[in-house]
Amino acid sequence: MKRDLITLMDYSSAEILALIDSADKLKKQKGKLRADLKGKSVALVFQKPSNRTRVSFEVGVYELGGHCLYLGPEEINLGKRETTHDVAKTLSRYVHCIVARVFDNKDIIELAQHADVPIINALCDLYHPCQALADIQTIREELGRFKGLTMSYVGDGNNVFHSLMHACVKVGINVRFAGPKGYDPNPEIVRHARKIAKQNKCTIELGKDPKEAVKGAHVIYSDVWVSMGQEKETAKRIKEFKGYQINQDLAKLADKDYIFMHCLPAHRGLEVTEDIIDGEHSVIFDQAENRLHAQKAVLLNLLNTRC
């Protein structure tokens with residue numbers, strides 16, 4: 006029976022840790038060509054452009070010995086040029102896995118319902134599980150553990166935060182969030198994450214004060230204030246997020262050995278200052294690299310190939 010990666014809510018703590026362990030092994034083999042996916046093809050169905058997601062998946066599939074096929078909005082426009090049902094059924098006859106980067110979570114759900122091959126959510130409006138796996142891989146790589154750590158996310162309670170929150174509580178990391186009114190994370194997603202946090206003896210704190218959120222934190226995490234598709238809201242968002250910038254004054258409240266993380270692309274000078282994003286505590290490019298290794302681990306897992 007095929008399995009998908011739609012949200013990390015569907016994966017147990019043990020399964021997530023196994024994926025991170027696999028990603029670490031793959032990173033140690035960096036640049037080594039393997040044949041795990043020899044004779045297998047992976048379709049990238051993208052409704053929106055990408056740098057890290059597209060490149061990391063294409064390179065990852067190549068390094069695992071498979072073939073990658075990019076299908077942008079010009080080729081496939083889900084639900085418009087052709088129904089999502091028909092796209093799922095057709096591609097399942099050609100490829101062994103579908104990686105989809107879409108605007109709406111319902112498109113991912115529909116693809117998974119009708120495809121006969123594994124579906125990987127490479128981003129939707131609610132979740133970004135591949136990013137979150139790379140994030141916690143980076144956290145353990147940099148800080149050596151999960152238990153006892155606190156991750157502070159300052160900004161918009163968006164898809165990145167949702168998946169990062171799930172990943173953190175699954176492995177026992179405490180989560181703090183601070184964002185302006187009207188930009189809180191989805192309450193249903195938070196409710197589910199709180200259940201997991203309770204089981205794993207960690208906490209989720211939601212608030213408005215970035216100083217309280219960052220105080221003593223081991224990880225400070227930021228994302229853009231204006232995501233792709235929200236450009237018309239730029240002026241409004243910049244005004245409402247004033248005071249939520251990651252800068253030296255805020256970062257000095259964190260643990261002295263904190264790391265700064267950002268999923269990229271970044272709007273330098275808005276959500277984060279240059280001296281922070283390029284400073285000694287920043288691990289953003291290690292984090293970006295780990296997208297490659299974490300996604301290779303996911304591909305091997307879903308296509309039933311051992312690392």
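Take any residue in the sequence shown, note its place counting from 1, add 5, and you have its number in this note's numbering.
Idealized CB from N, CA, C, for every residue including glycine.
Under 8 Å between C-beta atoms of residue i and residue j
i	j	result
Ile251	Ile281	yes
Leu49	Ala137	no
Thr89	Leu128	no
His298	Lys7	no
Glu245	Pro185	yes
Asn191	His167	yes
Leu349	Cys102	Nothing about residue 349 can be reported from this structure: the residues present for the chain run from 6 to 312 only.
Ser27	Ala293	no
Ile113	Ser157	no
Met266	Thr155	no
Leu307	Arg57	no
Glu63	Cys73	yes
Which of helix, strand or coil DSSP assigns to residue i
i	result
Asn179	strand
Gly274	coil
Met266	strand
Ala259	coil
His197	helix
Gly65	helix
Ile124	strand
Ser97	helix
His148	Checking the sequence shown, residue 148 turns out to be Leu, not His. It is helical.
Met156	strand
Cys135	helix
Ile21	helix
Ser168	helix
Cys207	coil
Glu80	coil
Phe290	helix
His72	strand
Cys129	coil
Glu236	helix
Ile114	helix
Arg86	coil
CA-to-CA distance, residue j to residue i, given in whole angstroms
i	j	result
Gln118	Ile124	9 Å
Val288	Ile264	7 Å
Ala259	Thr278	16 Å
Gln300	Ala23	13 Å
Val195	Ile11	17 Å
Asp29	Asn309	18 Å
His197	Asp161	19 Å
Lys261	Lys220	11 Å
Leu275	Ser61	26 Å
Gly149	His272	29 Å
Lys5	Pro78	Given a span of 6 to 312 for the chain in the structure shown, any question on residue 5 remains unanswerable.
Lys53	Ile81	11 Å
Phe290	Gly234	25 Å
Ala183	Leu211	6 Å
Val229	Gln204	31 Å
Lys200	Cys135	22 Å
Lys241	Ser232	13 Å
Among the options, nearest to residue i - alpha-carbon criterion
i	options	result
Arg106	Tyr132, Asp161, Leu297	Tyr132
Leu76	Ala93, Glu68, Gly70	Ala93
Val100	Lys152, Asp214, Val174, Val47	Val47
Val180	Gly162, Asp262, Thr208, Lys37	Thr208
Ser17	Lys213, Gly234, Ala172	Ala172
Asp140	Asp112, Val176, Gly162	Val176
Ser55	Asp15, Phe108, Gly71	Phe108
Gly71	Gly284, Ala240, Arg39, Phe290	Arg39
Glu147	His286, Asp121, Lys35	His286
Lys206	Lys152, Glu80, Gln52	Lys152
Asn110	Ala183, Asn163, Gln34, Arg59	Asn163
Tyr249	Tyr188, Leu69, Asp15	Tyr188
Ser227	Ile178, Arg199, Val165	Val165
Gln34	Glu63, Glu68, Val104, Ala240	Glu68
Asn126	Gln253, Glu87, Phe51	Phe51
Cβ distance (whole Å) where residue i is taken to contact residue j below 8 Å
i	j	result
Val159	Ala218	6 Å
Leu96	Val66	Contact doesn't hold; Cβ gap of about 15 Å is too wide.
Ile21	Arg145	Actually they are not in contact, since the Cβ atoms of Ile21 and Arg145 sit about 11 Å apart, beyond 8 Å.
Leu255	Lys216	7 Å
Cβ-heavy atom distance, residue i to the ligand COA, below 7 Å
i	result
Ala139	For the ligand COA, the structure offers nothing, since it holds no ligand at all.
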